[in-house]
Amino acid sequence: MPKTPQDIKVLIIEDEPMLLDIAMTSFGRAGFQTFPALDGEEGIRVAQTVRPDVILLDIVMPGKSGFDILAIMKQDPLIKDIPVIIFSN
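What follows is the structure in structure tokens.
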């Protein structure tokens, strides 16, 4: 049975609060369960806890870039198979 948006958990990792809010609002209005993270380290912790169906990952972030965070995630057996969509403003 296909999942409906209400069944899909989306983790959004974005360091700009305004852009994070826009993404959370847009996906939330579409019916998805949304989970925010303002930096990559927080994103990893949320992913390990929530086990989302998909991760939206900003590339340009202070400190560790999205590419750095993606490399860390792909080493973690709990979250390595979660699909990641990379985006950047």
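The sequence shown begins at 3 in the working numbering and counts up by one.
In this text, a Cβ means the ideal position worked out from N, Cα and C, and glycines have one as well.
Among the residues of its own chain, which have a CB less than 8 angstroms from the CB of Pro85, if the five just before and after it don't count?
Asp55, Val56, Ile57
State the Cα-Cα distance for the pair Gly68 and Met3, rounded to the nearest angstrom.
33 angstroms
Please state whether DSSP places Val48 in a helix, a strand or coil.
The answer is helix: DSSP assigns Val48 an H, G or I state.
Once DSSP output is grouped into helix, strand and coil, what is the label at Leu72?
helix
Given a cut-off of 8 angstroms on the beta-carbon distance, is the pair Leu13 and Phe37 in contact?
yes
Ile87 burial status per 10 Å Cβ neighbour count (16 or more: buried)
exposed
State the Cα-Cα distance for the pair Asp23 and Ile15, rounded to the nearest angstrom.
11 angstroms
Within a Cβ cutoff of 7 angstroms, which residues of the same chain sit near Thr51, ignoring the five residues on either side of it in sequence?
none
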